[in-house]
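One structure is given here, and the rest of the page talks about it.
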Amino acid sequence: MLLPEFELHEPVSIEDALKLKKKHGKDARLMAGGTDVLVLLKKKVIFTDTIISLLQIKELSQIKESGNEVVIGACATMAQLSKSSVIKEKFGALKSSCDNLGSHLIRNRATIGGNCCNASPAGDTMPSLMIYDAKVMIESTDGKREVSIKNFFKGPGVTDLAIHEILTGFKLPIPPKNSGAHYIQLGKRRSSEINVVNVGSFLEYDPDTKTIINSRIALGSVAATPIRAQKAEELIKGKPAKEDTFYTAGETARKEDCKPIDDFRGSAAYRQAMIGVLTKRTLQASFEQAQ
Ligand SMILES: Cc1cc2nc3c(=O)[nH]c(=O)nc-3n(C[C@H](O)[C@H](O)[C@H](O)COP(=O)(O)OP(=O)(O)OC[C@H]3O[C@@H](n4cnc5c(N)ncnc54)[C@H](O)[C@@H]3O)c2cc1C
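The sequence shown begins at 45 in our numbering and counts up by one.
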C-alpha cells in the first residue's frame, strides 16, 4: 500500500505554520513525527493533499526549565525526553511513559504533542502529563491560550484544539519536595503494543504527620479519553500514607472511577481488576519515591 501524493510544507516558524494552517483550514493536516498521520494516510483512514510539517520549527523541540516549571515543546520526541536530565530528575513517571512507547525507531520520531493530539484513550504520555498537572499551550493567528490537560481530551481522536490552532507545548510545574510519581503500562507484549490498561499516580505527603497532602491519579484505556480517578484522589487526601490506604484507593478507582469496555485486547472485567492493582502499585511506588 503506497502513500497518496500530497504537498508538503515545512515552515521554520510557528507564525508561518499558523498562517499556512489558516490558509488551508481543514484541508491541511499538521504533522510532527508522522508515526500516526502517515500510517492513517496509507491505510486511507484519513485523506489530505496538504501536510504542514512542524519539525523544522526549532523552538517546538526544546525542553526548558524556567522558574518553577519546565516547558516541553510539542515536537520533543520520546527519545529526547527519555534522555533529558531535567525529565529524568524531576518527572520520572513521564520518562517512564516515553521509555515505554513503541520501539526505538518509533521513539526517535514520535513526539509528545503528536501523542496528545492523536488522543488515543490508551496513549502513553497522557496519564503522566495529567498527574503532573500539565498545562497545554495552544496558538493560533488570533493569539495564545492555555488549557489544563485534564480538560484537553474530548473523545477518541478528539481534543479541545480548533481547526486553526497548533499545540505548541506543555508547562509542567516542578513537583514539590516530599512528592513522588510513578507510571505503569500493561500491554499484551512489552513494546509496540497498544496498552490494555495504563495508570499514573502522583503523591505528596507530610513527613511529620505521615499523611497524604495531595494526590493525582490518571487512568488510561478505561474510558473514551484518559481520565483522572477523582473519587480515589479525594478519598486518600489526609489519610495515612500506608498500604491499606493505597489498597482502598485502588478499590475506589476500580469500582467508582472507571467504566471500561470489552474489546479484543481485554475484557472490561480484566481492565477493571487491573486498575485496582496498578493504582495501588503506582501509589506505593510514588510514596517510596516521596520518602
Ligand atoms: C509501530 C507503532 C507503535 C506505536 N506504539 C505506541 C505506544 O506504545 N504508545 C503510544 O501511546 N503510541 C504508540 N504509537 C502511536 C504514535 O507513535 C504516537 O501517538 C506518537 O506519539 C505520535 O506522535 P507523532 O509526532 O508521530 O504524531 P503525528 O503522526 O505527526 O501526528 C499525530 C496527530 O497529531 C496531530 N498533531 C501533531 N502535532 C501537532 C501539534 N503540535 N499541534 C496540533 N496537532 C498536531 C496530527 O495532525 C495528527 O492528527 C505507535 C505507532 C506505531 C506506528
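Heads up, the beta-carbon is just placed ideally off N, CA and C, and yes, glycines get one too.
Closer than 7 Å: residue i CB and nearest ligand 1 heavy atom
| i | result |
| --- | --- |
| residue 168 | yes |
| residue 69 | no |
| residue 252 | no |
| residue 174 | no |
| residue 92 | no |
| residue 161 | yes |
| residue 79 | yes |
| residue 154 | yes |
| residue 58 | no |
| residue 76 | yes |
| residue 118 | yes |
| residue 164 | yes |
| residue 23 | Residue coverage of the chain in this structure runs from 45 to 335, which leaves residue 23 outside it and unanswerable. |
| residue 157 | yes |
| residue 315 | no |
| residue 228 | no |
| residue 47 | no |
| residue 263 | no |
| residue 189 | no |
| residue 211 | yes |
| residue 114 | no |
| residue 309 | no |
Alpha carbon of residue i to alpha carbon of residue j, nearest angstrom
| i | j | result |
| --- | --- | --- |
| residue 307 | residue 110 | 43 Å |
| residue 328 | residue 254 | 14 Å |
| residue 59 | residue 280 | 45 Å |
| residue 219 | residue 286 | 21 Å |
| residue 184 | residue 229 | 34 Å |
| residue 296 | residue 316 | 11 Å |
| residue 249 | residue 101 | 40 Å |
| residue 226 | residue 188 | 31 Å |
| residue 86 | residue 71 | 17 Å |
| residue 69 | residue 195 | 24 Å |
| residue 67 | residue 242 | 39 Å |
| residue 269 | residue 148 | 26 Å |
| residue 104 | residue 56 | 10 Å |
| residue 318 | residue 49 | 44 Å |
| residue 338 | residue 334 | As shown, the chain starts at 45 and ends at 335. That puts residue 338 outside it, with no answer to give. |
Expected contact under 8 Å - CB spacing of residue i and residue j to nearest Å
| i | j | result |
| --- | --- | --- |
| residue 247 | residue 238 | Going by Cβ atoms, the distance from residue 247 to residue 238 rounds to 27 Å, so no, they are not a contact pair. |
| residue 114 | residue 89 | Between residue 89 and residue 114 the Cβ distance is about 34 Å, and since that is not below 8 Å, they are no contact. |
| residue 245 | residue 259 | 7 Å |
| residue 301 | residue 275 | 5 Å |
Minimum C-alpha distance to residue i - residue among the options
| i | options | result |
| --- | --- | --- |
| residue 197 | 325, 217, 208 and 157 | 157 |
| residue 79 | 217, 129, 150 and 305 | 150 |
| residue 201 | 296, 68, 84 and 214 | 84 |
| residue 64 | 106, 305 and 96 | 96 |
| residue 112 | 326, 274 and 176 | 176 |
| residue 118 | 214, 124 and 136 | 214 |
| residue 98 | 134, 54 and 140 | 54 |
| residue 51 | 140, 62, 178 and 74 | 74 |
| residue 169 | 137, 148 and 147 | 137 |
| residue 289 | 261, 193, 324 and 57 | 324 |
| residue 271 | 252, 313, 199 and 231 | 199 |
| residue 205 | 142, 182 and 135 | 182 |
| residue 160 | 122, 274 and 147 | 122 |
| residue 330 | 135, 45, 180 and 92 | 135 |
| residue 216 | 326, 162, 108 and 93 | 108 |
| residue 322 | 221, 309, 273 and 278 | 273 |
| residue 210 | 193, 180 and 224 | 180 |
Cutoff 8 Å: residue i Cβ touching any chain D Cβ
| i | result |
| --- | --- |
| residue 214 | This model lacks chain D altogether, as it is built from one protein chain only. |
### Query
In chain order, which continuous runs of the beta strand (DSSP E) of length 3 or greater are located wholly inside the region 191–234?
If one requires a minimum length of 3 residues, the beta strand (DSSP E) runs lying completely within the region 191–234 are 197–199, 210–217 and 223–230, in chain order.
### Task
Could you tell me which uninterrupted beta strand (DSSP E) segments, each at least 3 residues in length, are contained entirely in the region 71–126, listed from first to last along the chain?
For the beta strand (DSSP E) assignment, the uninterrupted runs of no fewer than 3 residues enclosed by the region 71–126 are, from N- to C-terminal side, 72–75, 94–97, 107–110 and 113–117.
### Query
Which parts of the region 257–329 are runs of the beta strand (DSSP E), unbroken and 3 residues or longer, counting only runs that do not cross its ends?
As summarised for the region 257–329, there are no continuous beta strand (DSSP E) elements at least 3 residues long confined to that stretch.
#### Entry: Minimum length 3: unbroken beta strand (DSSP E) runs contained in the region 158–195
Fully enclosed beta strand (DSSP E) runs of 3 or longer: 179–184 and 187–192.
### In chain order, each alpha helix (DSSP H) run of at least 4 residues that lies wholly inside the region 124–155
The region 124–155 contains these whole alpha helix (DSSP H) runs: 129–134, 136–144 and 148–153.
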